[in-house]
Ligand code: IMP
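Numbering (my numbering), first residue to last: 5 to 427.
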């Protein structure tokens with residue numbers, strides 16, 4: 005593995021946390037490369053489910069160095085809360101955590117204006133964490149970064165300019181009582197707390213790779229939510245796909261030598277936007293209950309659908325997937341029929357390639373193929389041969405169609421509940 009990327013191959017919530025947690029055992033360093041506390045990576049340890057939002061899922065593996073890269077947007081309050089929670093569970097976080105000084109800050113005003121923007125016609129069903137507005141400031145070169153916390157005067161001046169602009173743009177947002185100085189003063193205890201964690205993430209990773217250490221780069225959200233390649237504008241505001249990984253931690257693209265995609269055995273989506281294989285609600289309710297498909301960050305019920313091969317082929321292309329990990333196969337155990345979209349049609353004809361626009365994707369109708377369900381429990385399977393034949397046929401069909409080998413299948417929430425394919 006010298007440098008492996010783990011990336012969501014669908015609309016997020018693929019179960020990347022569990023996969024990164026397992027792969028961390030073989031890594032020396034684990035780094036998050038994009039997104040922010042919009043993510044919710046659930047990792048089960050014993051009886052406990054731990055949900056990580058900003059900290060790499062590798063933190064639960066003792067001794068691993070965990071880094072938050074320049075591509076991530078950080079809400080200091082949330083980061084502090086997460087570290088405190090983990091430390092209360094006995095995880096030694098701070099000695100092992102490094103935060104890039106170039107990572108941008110999510111400030112309270114980002115969340116205030118996002119709440120207003122999401123009331124309007126352009127709503128996309130965000131997680132409400134201020135993600136889009138923090139990245140907007142980054143792209144507009146008006147953002148404040150972790151490194152800026154070391155200079156109060158410069159921070160205050162820039163925050164005041166940002167507030168002035170936002171008050172004009174969003175007169176209905178309650179920003180009257182705030183100011184750059186007030187913001188900084190409120191943040192001061194967190195500033196003191198975070199500055200000792202600052203690290204040159206790019207340098208650390210580069211040096212580690214040079215010394216022969218193994219690095220895991222952990223993505224959040226998924227390919228179809230990528231700012232450039234997702235179902236724009238119903239996307240998140242960062243580069244969730246694999247190309248965002250080296251960019252988001254300060255490595256060159258040739259540093260990466262393996263890309264592992266993660267996809268559920270079916271599909272889900274949270275928030276608004278096209279979802280060609282979405283099920284009618286009565287069917288979705290059954291899958292949602294079986295798969296506990298509720299947002300790990302917001303608790304929102306996820307929209308549910310069948311596996312979408314055109315979308316998965318697209319994810320294989322965009323990310324250059326070397327391998328696919330299929331998660332939550334066990335959720336399909338009870339279904340007598342399992343459907344898969346093998347292609348799309350728009351007005352009776354196949355689109356030439358995966359539609360780049362949400363409007364075109366909205367018009368796509370899936371071409372279905374039905375598989376007989378295996379209707380027995382898979383959760384105890386530990387070897388490929390333990391899986392029922394019908395499940396193996398389903399998986400073999402998927403890997404043939406997307407031309408990417410399936411190397412691991414997850415069959416339950418616990419860390420042991422997986423089948424690694426050998427040979
Ligand atoms: P934002 O990232 O909060 O701006 O939300 C933009 C879109 O991405 C919305 O549709 C969210 O529901 C979706 N989204 C953001 N983070 C996640 C995630 O971790 N899992 C699934 N969907 C997400």
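All residues carry an ideal CB built from backbone N, CA and C; glycine is no exception.
Quick caveat: nothing in here was measured; it's all calculated off a predicted structure.
Whole-Å CB distance - residue i paired with residue j, under 8 angstroms assumed
i, j, result
"residue 136", "residue 119", "With 8 angstroms as the limit, residue 136 and residue 119 do not qualify as a contact, their Cβ atoms being about 12 angstroms apart."
"residue 412", "residue 422", "6 angstroms"
"residue 73", "residue 242", "Actually they are not in contact, since the Cβ atoms of residue 73 and residue 242 sit about 11 angstroms apart, beyond 8 angstroms."
"residue 203", "residue 103", "6 angstroms"
"residue 110", "residue 79", "4 angstroms"
"residue 253", "residue 209", "6 angstroms"
"residue 167", "residue 179", "6 angstroms"
"residue 8", "residue 264", "6 angstroms"
"residue 332", "residue 268", "5 angstroms"
"residue 3", "residue 58", "With the chain covering 5 to 427 only, the question about residue 3 has no answer from this structure."
"residue 431", "residue 345", "Nothing about residue 431 can be reported from this structure: the residues present for the chain run from 5 to 427 only."
"residue 149", "residue 185", "With a Cβ gap of about 19 angstroms, residue 149 and residue 185 do not count as contacting."
"residue 429", "residue 325", "Here the chain comprises residues numbered 5 to 427, so residue 429 is not present and cannot be evaluated."
"residue 15", "residue 273", "4 angstroms"
"residue 11", "residue 24", "Rounded, the Cβ-Cβ distance is 11 angstroms, inconsistent with contact."
"residue 235", "residue 365", "6 angstroms"
"residue 375", "residue 406", "Incorrect: roughly 16 angstroms between the Cβ atoms, too far for contact."
"residue 399", "residue 330", "6 angstroms"
DSSP beta-bridge partners of residue i
i, result
"residue 108", "77, 149"
"residue 298", "305"
"residue 46", "55"
"residue 272", "308"
"residue 72", "36, 103"
"residue 8", "220, 262"
"residue 424", "412"
"residue 330", "267, 413"
"residue 282", "309"
Selection from the options that minimises the alpha carbon distance to residue i
i, options, result
"residue 237", "409, 185, 129", "129"
"residue 3", "338, 67, 48, 281", "The shown model of the chain, from 5 to 427, leaves out residue 3, and the question about it has no answer."
"residue 369", "359, 391, 52, 328", "359"
"residue 305", "162, 71, 295", "295"
"residue 226", "215, 219, 249", "249"
"residue 355", "383, 272, 375, 314", "314"
"residue 93", "106, 100, 64", "64"
"residue 85", "198, 388, 146", "198"
"residue 276", "221, 382, 362", "362"
"residue 217", "69, 229, 49", "69"
"residue 319", "351, 49, 266, 282", "266"
"residue 290", "38, 308, 384", "308"
"residue 187", "43, 316, 113", "113"
"residue 383", "335, 330, 40", "335"
"residue 388", "161, 259, 200, 414", "414"
"residue 181", "123, 139, 286, 116", "116"
"residue 321", "233, 175, 87, 39", "233"
"residue 367", "29, 261, 281", "281"
"residue 222", "29, 37, 22", "37"
"residue 40", "19, 139, 297", "139"
"residue 173", "256, 121, 213, 145", "121"
"residue 302", "27, 56, 20", "56"
"residue 259", "240, 211, 271", "211"
"residue 48", "19, 32, 42", "19"
"residue 348", "341, 342, 357", "357"
"residue 293", "337, 162, 43, 89", "337"
"residue 418", "54, 144, 175", "54"
"residue 240", "134, 390, 420", "134"
"residue 262", "246, 279, 95, 45", "246"
"residue 390", "409, 410, 424", "424"
"residue 99", "50, 158, 141, 200", "200"
"residue 82", "44, 51, 52", "44"
"residue 310", "317, 283, 316, 323", "283"
"residue 160", "175, 192, 207, 177", "192"
Contiguous alpha helix (DSSP H) assignments of at least 4 residues, all confined to the stretch 175 to 225: Those alpha helix (DSSP H) runs which fall completely within the stretch 175 to 225 and span 4+ residues are 184 to 198, 205 to 214.
For the stretch 339 to 416, which segments carrying the alpha helix (DSSP H) assignment without a break, of at least 4 residues, lie completely within its bounds, in sequence order? Within the stretch 339 to 416, the complete alpha helix (DSSP H) runs of at least 4 residues are 362 to 367, 393 to 406.
Runs of 3 residues minimum, wholly inside the stretch 246 to 270: which ones carry the beta strand (DSSP E) assignment? You should have 262 to 268.
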